[in-house]
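**Q**
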Amino acid sequence: MVSKTRVKKKEINFTYLHKAAKKHGSVSICKRLIQAGTPVRIIVDRKDMTALHKAIIYGHYDVVKCLLDNGANSNSLSFSFGFWWTPLQIAAVRGNIGICELLIKAGAEIDAVRKVDGATALWIAVACCRFIDGYNVVKCLLENGANPNVRTSCGGYFTTALHIAAESGNIGICELLIKAGAEIEVACNVYSVKVISIKTGGSRSEVVKGLLENIANPNRRILWVGFLRTPLQIAAVTGNIGICELLVRAGAQINGVDGCDESPLLSVIELRPKMKSRREYYENYFSVVEYLLKNGANTNYKSRNGRKPLHQAVSHNLPQVCQLLVSFGAGVSTPLVWAFRLKRYNIIKYLLKKNTKLNKFENVNKDELDENFLNLADKAVQKEDIEMLQFLIRCENSPLDREWI
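Position 395 of the sequence shown, counting from 1, maps to 393 under the working numbering, and the rest follow consecutively.
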């Protein structure tokens, strides 16, 4: 192992070679300093930073070439932002294809992992494509043998480069990675989120389309928001009708259930109130429900806890969704009882028109029943709603007498 010459922090922060590589980018000055005996591999105590690292950070191609030609270590580590970086990883962050090629020719390890999180230059380059044009860097690394399936623990999730490219909606990078052998069905630890599970739209729709064309399984359940969900459920809950369409065309089961025994239709109605903070999800909500119903979603599917989609729509006080579900064949008897218990006046009024024979309430506490009857009756009187009053009086066990009419 080549010994390193270390400069004590108290004595000096940078050598002249560091300054020439960083600020000036002068090849002639660097050559003179090297000829005068300045060690190329001299490091700074504070961050273990060599002149090579400085030249790469500031993008001085000719200086990098000069230092490498004079024995600079292409695999030396420097510390910054909580990580230890190789020169190639720094060049990948900067998106500098020329310097990446120089380092690879000089023997830089393609798949050297970053300490702490295990990220490689390829993973870093893909992650940085959100901010810079790193397409050529990614292509260069793959052409030189970078492993596209290395997983990093960055952020606590064991993600591959393809996960990151898919999440950012970069179809070009996804295509490069898949051609290089990236595994489409590889899962992350913790969330088990596979690359097909895209949560928002835009360019991500093209990514999902590309992944499905490369035989990604549209029905594989993954852990999301604490439960095993299907990709269709995630797309539906997040309001992405475009990706719902792609998944259904690729064979996603419209009534496929998750780990909680819930269908996509039931999930989207149940989770909808939690999406108000995400406006783009919230605004597409009704369209997603309508799309699922038009493509065969079962309106009377009963989950493990006995709830049906109409129950959930009543619970969350969604009159429009209730009407939509009923128009597609949802049974109204039990949900009507549920609406009565929750005092959903407008929903009760609508459901009454669909089930005028209902006159019995079972398994309801009598005190609660009486209170609800009286509350609804008061509201009906205020609204001068004779139809509602007649229904309340006709029901068995009603505390109201016919003198109300």
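From the three backbone atoms N, C-alpha and C, an ideal C-beta is built for every residue, glycine too. As the structure is a computational prediction, the values presented were derived from the model and not from experiment.
Could you work out which residue in E260, C258, Y283, A250 is closest to I239 when comparing CA atoms only?
**A** Of E260, C258, Y283, A250, the residue nearest in Cα terms is Y283.
**Q** If you draw a straight line from the alpha carbon of E60 to that of G23, how long is it in whole angstroms?
**A** It should be pointed out that residue 60 corresponds to Asp in this sequence rather than to Glu. Rounded to whole angstroms, D60 to G23 spans 8 Å at the Cα level.
**Q** By DSSP, does F284 sit in helix, in strand, or in coil?
**A** helix
**Q** Report, in whole angstroms, the separation of the C-beta atoms of I108 and N142, which I expect to be a contact under 8 Å.
**A** About 6 Å separates the beta carbons of I108 and N142, which is inside the 8 Å limit, making them a contact pair.
**Q** Between which two residues does the beta strand (DSSP E) containing F81 stretch?
**A** 81 to 83
**Q** Which residue from L65, V235, G96, C242 puts its Cα closest to that of E260?
**A** Across the set L65, V235, G96, C242, the C-alpha of V235 shows the shortest separation from the C-alpha of E260.
**Q** Apart from the five residues on each side of it in sequence, which residues of its chain come closer than 8 Å, Cβ to Cβ, to Y133?
**A** C127, G170, I171, L174
**Q** Taking 8 Å as the threshold, find out whether the region 92 to 101 comes into contact with the region 109 to 117 through three or more Cβ pairs.
**A** As far as the Cβ criterion goes, the region 92 to 101 does not touch the region 109 to 117, which means the pair count is below three.
**Q** According to the neighbour-count rule (16 or more other Cβ atoms, all chains shown, within 10 Å of its Cβ), is L100 buried or exposed?
**A** buried
**Q** Considering only their Cβ atoms, is the gap separating G294 from I241 smaller than 8 Å?
**A** no
**Q** Comparing alpha-carbon positions, which option in I182, I232, R227, E243 lies nearest N215?
**A** I182
**Q** Which residues in the same chain have their Cβ closer than 6 Å to the Cβ of I384, if we skip the five residues on either side of it in sequence?
**A** Nothing listed; no residue qualifies.
**Q** Straight-line CA distance for G69 to K177?
**A** 35 Å
**Q** Do you know how far the Cα of H16 is from the Cα of K52?
**A** 7 Å
**Q** Give the range of the alpha helix (DSSP H) segment to which F225 is assigned.
**A** Note, F225: premise wrong, no alpha helix (DSSP H); beta strand (DSSP E) at 225 to 227.
**Q** Cα separation between E308 and H161?
**A** Residue 308 is actually Leu in this sequence, not Glu. Near 36 Å, if we compare the C-alpha coordinates of H161 and L308.
**Q** Output yes or no for whether 8 Å exceeds the beta carbon distance between V312 and P333.
**A** yes
**Q** I think Q310 touches L264, with their Cβ atoms under 8 Å apart; what is that distance to the nearest whole Å?
**A** 6 Å
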